[in-house]
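Structure first, commentary second.
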Amino acid sequence: MDAPQAQPVAMNFTLADLSSDLLLREVCLLRDCVAVARAQWRFEIDAAVVLPAQMQMLAVFQTGAFGVRQAMAVIRQTFADHVGRDGTMWDGPIKYREVPQEAVPVRRAFIEAAPVRMGLVSDPSDWAYSSAHRLVPQARALGVNVA
Numbered sequence: 418m419d420a421p422q423a424q425p426v427a428m429n430f431t432l433a434d435l436s437s438d439l440l441l442r443e444v445c446l447l448r449d450c451v452a453v454a455r456a457q458w459r460f461e462i463d464a465a466v467v468l469p470a471q472m473q474m475l476a477v478f479q480t481g482a483f484g485v486r487q488a489m490a491v492i493r494q495t496f497a498d499h500v501g502r503d504g505t506m507w508d509g510p511i512k513y514r515e516v517p518q519e520a521v522p523v524r525r526a527f528i529e530a531a532p533v534r535m536g537l538v539s540d541p542s543d544w545a546y547s548s549a550h551r552l553v554p555q556a557r558a559l560g561v562n563v564a
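Shown next, in the form of structure tokens:
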């Protein structure tokens, strides 16, 4: 039996309150929650962006899509537990999509351009909370680090 192939997966985490900026205010906590999930489910992040009320990631799971839903649940639950919010924090069920290898560059560009589409910056590399920012010489640890 062949081992599962590495599978790129696009993951979206959206707050129920779209007017919130909680993910930016708690970006360090969010990064820690992602690190907890990565340690448990062993995935690599190809691209990521944190917006005021949404985080988008393109991740590669070495065991196919196995563990995606569980990793996302760990991120969502750990973040909610540490923020201490009552009520519904996240918008709906866990959502992810497997991305064919040939579509990875397009999905990466789509994720990294999200701050431009939202009118937050004019160039993707200007958004500190994006993997597009990692190539900027003065990028700091506050942004989204991609292994």
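Count the sequence shown with the working numbering and you get residues 418 to 564, in order.
Glycine included, each C-beta is placed from N, C-alpha and C at the ideal position.
Per-residue burial, residue i [other beta carbons within 10 Å of its own, 16 or more giving buried]
i	result
residue 475	buried
residue 509	exposed
residue 557	The pLDDT assigned to residue 557 is 48, lower than 50, so where the model puts this residue is not dependable, and the model offers no usable value.
residue 442	exposed
residue 426	buried
residue 438	exposed
residue 522	exposed
residue 550	buried
residue 539	exposed
residue 535	exposed
residue 459	exposed
residue 548	buried
CB-CB length for residue i against residue j, believed under 8 angstroms
i	j	result
residue 528	residue 466	5 angstroms
residue 431	residue 470	7 angstroms
residue 479	residue 423	5 angstroms
Residue i - partner residues in DSSP beta bridges
i	result
residue 475	427 and 464
residue 432	507
residue 514	427
Residue-chain proximity (residue i, chain D), Cβ-Cβ < 7 angstroms
i	result
residue 498	Absent from the structure is chain D; it holds one protein chain and no more.
Check: Three or more beta-carbon pairs under 8 angstroms between the segment 452-460 and the segment 499-519, yes or no?
Finding: Contact fails: fewer than three Cβ-Cβ distances are below 8 angstroms.
Margin query: List, from N- to C-terminal side, the alpha helix (DSSP H) runs of 4 residues or more that fit wholly inside the segment 524-548.
Written below: 531-534
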